[in-house]
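Some notes on the structure that comes next.
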Amino acid sequence: MVKINEQNSLYEQFLKYSYTDFMELFNKAKTKEEWDFYVALSELVLRREQ
Numbered sequence: 029m030v031k032i033n034e035q036n037s038l039y040e041q042f043l044k045y046s047y048t049d050f051m052e053l054f055n056k057a058k059t060k061e062e063w064d065f066y067v068a069l070s071e072l073v074l075r076r077e078q
């Protein structure tokens, strides 16, 4: 098992995503729940950048 402090969190991974990356994720989402998850994460990233 990898220690938590040695790996990037999912949130940290998404902070590196660009607008294009998020659009690609939205288009690849197979369910509404998956799409909603990506939207929520993208909103967190946008808020942090402001």
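The opening position of the sequence shown corresponds to residue 29 in this note's numbering, with each subsequent residue numbered one higher.
Even glycine gets a Cβ: it sits at the ideal position worked out from N, Cα and C.
This structure is a prediction, so every number in the text was calculated from the model and none was measured.
{"Item": "How many Å lie between E77 and E61 at the Cα?", "Value": "25 Å"}
{"Item": "What number of angstroms, rounded off, separates the C-alpha of L74 from the C-alpha of D49?", "Value": "13 Å"}
{"Item": "If you measure between the beta carbons of F54 and Y39, is that distance less than 8 Å?", "Value": "no"}
{"Item": "Taking only three categories from DSSP, how would you classify Q41?", "Value": "helix"}
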